[in-house]
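Structure record follows, encoded as structure tokens.
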Amino acid sequence: MASAVKTVLIPRRLLLGVSLGIVSLGIVAAGVLLRPGLVEYRIWQARRALARHDARTALSRLDLAESLNPKSGATQFWMARAHRRLGQMDRAHERLARASRLGYPAEALDLEAMLALAQAGRMPLSDPRLLARMMNPGDDAPELYEAAVQGSLRSFRLDDARSLLDAWEGDQADSPQPHMYRGLVLSHQGAWPEAADSFGRALALAPWRNDVRLHLARALRESRDYRRALGLYRQYLVGEADDPDALFGLGMCLDSLGKSQEARETYVRVLTLKPDHDEARLAIGKLDSTHGRAAEAIAWLEPAVARSPHEQDLRLAYAWALQIVGRPAREHFEFAARAQAASATVKHLVRRVVDNPRDVELRYAIGAMLLQYGRPQEGVVWLESVLQIQPDHQRARDALAAHEAGRAVPKRDALAPPRTAH
Amino acid sequence: MTTTADSSRNFRRIAASVVVVILIILVTSAFRVSASRLPVELSAGSRTPPWDSEAAGGPKPVTAAELAQVCSHCHLQPQPDVLPKDRWSDTIWKMVQIGGRSWNIWGNTDPEAVLDWYRRQAPDRLDLPPIATDAGQGSLRLTRREIFWPDAPAPPFVASMLLINVLGDRRPELVVSDMRNGAILLGRPGDPESSLESIAQIPHPAQMRAVDLDADGRMDLVVANLGSFLAMDHKLGSVEWLRQTDDGRFERITLADGLSRVSDIQPADIDGDGRLDIVVAEFGYHSTGRLFVLENRAAPGEPPTFTPRDIDGHHGASHVATTDLDEDGLPDIVALFSQELESVRGYLNQGGRFVEFRELYRAPHPAWGSSGMQLVDVDGDARLDILLTNGDTYDDSLLKPYHGIRWLQQRGPMDYEVHDLTRMYGVFHAEAADIDGNGLADIVACSMAEEDNVEGQVDLDQFVSVLWLDQVAPGRFVPRVIEQSACHHPTLLLGDYDDDGDNDLFVGNGRFDETAASARASVVTVWENQAD
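In the order they appear, the protein sequences are chains H and C.
Take the first sequence: its position 276, counted from the start at 1, is 256 in the numbering used here, and no numbers get skipped.
Take the second sequence: its position 465, counted from the start at 1, is 809 in the numbering used here, and no numbers get skipped.
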């Protein structure tokens, strides 16, 4: 049967070429039209991540947004916030400067710069700019509270931190953040069981928060509740299998619960991930010395002692390992004994700072002692806190300058703690 | 050649493959999501908090027999009421750390079960009733003054004192060991204007004894150097000899070093060879410490040289004295042990060897906090009794209702009757001597604790810091307060410094908290007896 319809024949090549052209034009058009939308989408993802207190994910989303449009002021602004949340202040300032050059609204940039100062502990709660914002925070309340509490903690203004936390809890009853920060304040004071209670409350409000879980695990470990801490570390490590600090915490719990072989294997794994994890070296050194392997202990401890000669526990463990193998150890024993006495004095001084938060001499004494006998980075924070209260405190300036230049810290008389007059 | 059926089959294969790939991706993603959110699911489905999964069901309960077995490896089993509920965790885990695990003491016993047992029965807090004292001062009249060390670099911590005529002049000097400043100080308390001056530097002088060690006619000092201000296992301790030279100076000679913390020494001719040996209480800490004798092996006329001979490998000997316990004419050794032993042991001298000891006293539990011992005749029967104090708060900063003063009255050779004389919180040292002139030995005691800790437990204003147990009739003591609210007296001394026939009181000062006092703070408080 013959066809009644006459077919118009179009060459296949022509058809294919036209189709490809249409698709290409479509893609280009979509690219041009959708790119701003995609950037917005990535920024939205980043903001959600920041709301979940996941600054790292936020940064990865913002990286994508930046690759789509390097000239987006909004991308730079949110990158600044993510860096600030991570405590990367230099990067935060760099991103703020770029956002400013790209015309991002000055008011938002000013707020972010102020938050950075507050978070670094360089803007006390009494600062009029911060006070003005705190009086009328609007949607920025969580950011303001968090930055101000972090700054108070960093400069050991615990009274400020506590009053901020009271207000924050009142304003946002269902937020885990004030509970988490209260836990951190209590940790600073060595009140570990109470800190664990606060972290527990935060985790109950936000069970997905692995960072809170890690804090809680540490607080329970310090409270000698090893079994519950162990469980938490294991939960945490499901999502963060290669976190050396969490692995170390797990090892400490195993060690305390008598599983020394398993603990040692865990410490070794920590060191494969982070060879300069000196606490893990100390833990292995102690285990090896205890189990008759002093020579091995020395090998583990030696790099740590070279790196952190101010650490009392390291020096003492090293001294014992040397003593066992018959090598000279006196210098290390003597340092450990001096550091132990200094550490006791620092504890007493810290207790006095709680009652006298603006006493720069107390703060200076703590900072100077920690530079010599504690963790130097903690000493620096204390000395910086002196300068926040009294910017012209010359001995604090000198001590910081000497530390930065790698010179010796102040002499014994300068280290003498301030005392009550009797 | 490809047929329509083949094409159809190929299409189905490709479609199936795509579906499989999509399924794999979906399943993998779902697994990743579930893995990363595992804690959420745990928390949602669990009755216990999300962090509590390990503790589900709790530890297997411990039996009384298991508990007794575990504890008795090292010490008497404490009852739950010796510590408040919140302190048991630190205590039990410290036991595990100190050595339980490595000694395989715990076996199958779960430390958490032990902890649970104690926590369930312990009180929330220790009840600290006020010390019952008599309001009157009896016949005693005391006037107070302070003795200073103007050159002190840091606040003093007086660990021991001697009132002795060390320089060979008319009146006795006061010799003080300052453990914080590493100094031996000398003063003339007979001169009211005089202050202390340093005569020697020794890092951490915990105890001193005056003795002419080289028999040259001049009084020397033998000093126990703790090696560190705070407790630590180390090898910095030593026994030092401060040899007095012709010009009245003191030359430091180290007799033994590389020791752990040396808390006390006692010179005595242990082996009967006519030369002075030295009994050494090497307290140590957790893994170090012992009791031993430095035997003097010098040839006649030669300077003393010493060789150590171990007596007891236990750590924790804080005080040591010599006396003839078994009345065989040889000096025996009496040592007070704290740490896990909390006991007084008598080591019997068998021709310079010590092969056995007798337990003269044992406190009921290891939280006792033994702090001082003096061998003294309290009841005037010409036999040396043992005066004990227990009030050490160093370990846990706690005042305890069982802190107090005990008199072990000697009834016969190595036969002691225990008298609980009084409760006294933080009591650190007691001495006995007649201070009110009634012919009966009184007891005076001082206490030490950190002010910040005291304030949280009792009223600091009511805290008894110097107490006089007035022996008003043989064996009957009336407690009277000499001083309260100053809890910083590590030691005291009774002696007649002004040769007026009555005993005066010297109270040493020292705070654990270096920041709580001035470097110019009083070193010694003198309570001068104004008895008629």
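Built from N, CA and C at the ideal position, the CB exists for glycine as well.
The model shown is predicted, which means the values in this text are computed figures rather than measured ones.
Neighbours of L635 (chain C) across chain H, judged by C-beta separation under 9 Å, do not exist; the nearest C-beta is about 21 Å away.
Interface annotation, E858 (chain C): in contact with chain H, CB-CB separation under 8 Å.
As the crow flies, the alpha-carbon of P289 (chain H) is around 16 Å from that of A348 (chain H). Between D430 (chain C) and R464 (chain C), the alpha-carbon positions lie close to 11 Å from each other. Fully enclosed alpha helix (DSSP H) runs of no fewer than 4 residues occupy 240 to 253, 258 to 270, 274 to 287, 292 to 305 of the stretch 231 to 308 of chain H, in order along the chain. Taking a C-beta distance under 8 Å as the contact criterion, V334 (chain H) and R343 (chain H) do not qualify as a contact pair.
For the stretch 306 to 335 of chain H, the set of positions with a beta-carbon nearer than 8 Å to some beta-carbon of chain C reads A309, R310, F313, E314, A316, A317, Q320, A321, A324, T325, H328, L329, R331, R332 in chain order.
The three-state reading of DSSP puts G482 (chain C) in coil, since its state is none of H, G, I, E or B. Under the DSSP definition of a beta bridge, C790 (chain C) partners with C:H773, C:V810. E364 (chain H) and R377 (chain H) have their C-alpha atoms some 8 Å from each other. Between the alpha carbons of W148 (chain H) and P122 (chain H) lies a distance of about 8 Å. Listed along chain H is no residue with a C-beta nearer than 9 Å to that of D736 (chain C); the closest approach is about 16 Å. Ranked by Cα distance from Q241 (chain H), the first of H:H271, H:H159, H:I278 is H:H271. The CB of K429 (chain C) never comes closer than 7 Å to any CB in chain H; the least such distance is about 12 Å. Rounded to whole angstroms, L351 (chain H) and E358 (chain H) show a C-alpha spacing of 8 Å.
For S504 (chain C), the secondary structure class from DSSP, reduced to helix, strand or coil, is strand. In this structure, I436 (chain C) lies away from P405 (chain C), with their beta-carbon atoms at least 8 Å apart. Under a criterion of Cβ atoms nearer than 8 Å, the residues of chain H adjacent to W437 (chain C) are, in order, R204, Y206, S236.
The alpha helix (DSSP H) runs of length 4 or more contained entirely in the stretch 423 to 464 of chain C are, from start to end of the chain, 432 to 439. Residues of the same chain with a CB within less than 6 Å of the CB of E639 (chain C), apart from the 5 flanking positions on each side, are D621, T651, R653 in chain order.
Taking 3 residues as the minimum length, the beta strand (DSSP E) runs contained wholly in the stretch 644 to 711 of chain C are 650 to 656, 661 to 667, 676 to 681, 687 to 691, 701 to 706, in order along the chain. DSSP, reduced to helix, strand and coil, places N49 (chain H) outside both helices and strands of the structure shown, so it counts as coil. DSSP assignment within the stretch 536 to 611 of chain C yields the following whole beta strand (DSSP E) runs of 3 residues or more, N-terminal first: 541 to 545, 549 to 555, 564 to 569, 581 to 588, 594 to 603. Inter-residue distance for A661 (chain C) and G716 (chain C) is about 11 Å (C-alpha atoms, whole angstroms). From the beta-carbon of M576 (chain C), the residues of chain H found nearer than 8 Å are L296, A316, A317, Q320.
Residues of chain H with a Cβ closer than 7 Å to the Cβ of F573 (chain C) are, in chain order, A321. Among the residues of the stretch 351 to 368 of chain H, none has a Cβ less than 8 Å away from any Cβ of chain C. If the five residues before and after H159 (chain H) are omitted, its C-beta is found closer than 6 Å to the C-beta atoms of S178, R181, A182, all from its own chain and listed in chain order.
No Cβ of chain H is located within less than 8 Å of the beta carbon of S539 (chain C). The stretch 628 to 638 of chain C and the stretch 598 to 606 of chain C touch, with three or more beta-carbon pairs separated by less than 8 Å.
G306 (chain H) and R697 (chain C) have their C-alpha atoms roughly 30 Å apart.
Within chain H, R207 have C-beta atoms less than 7 Å from the C-beta of E456 (chain C), given in sequence order.
At a cut-off of 8 Å, the C-beta of L511 (chain C) has no neighbouring C-beta in chain H. By the Cβ-count criterion, N693 (chain C) is buried, with 16 or more other Cβ atoms from all chains shown falling within 10 Å of its own Cβ. Here DSSP, grouped into helix, strand and coil, assigns Q169 (chain H) to coil.
The beta carbon of D796 (chain C) falls within 8 Å of a beta carbon belonging to chain H, placing the residue at that interface.
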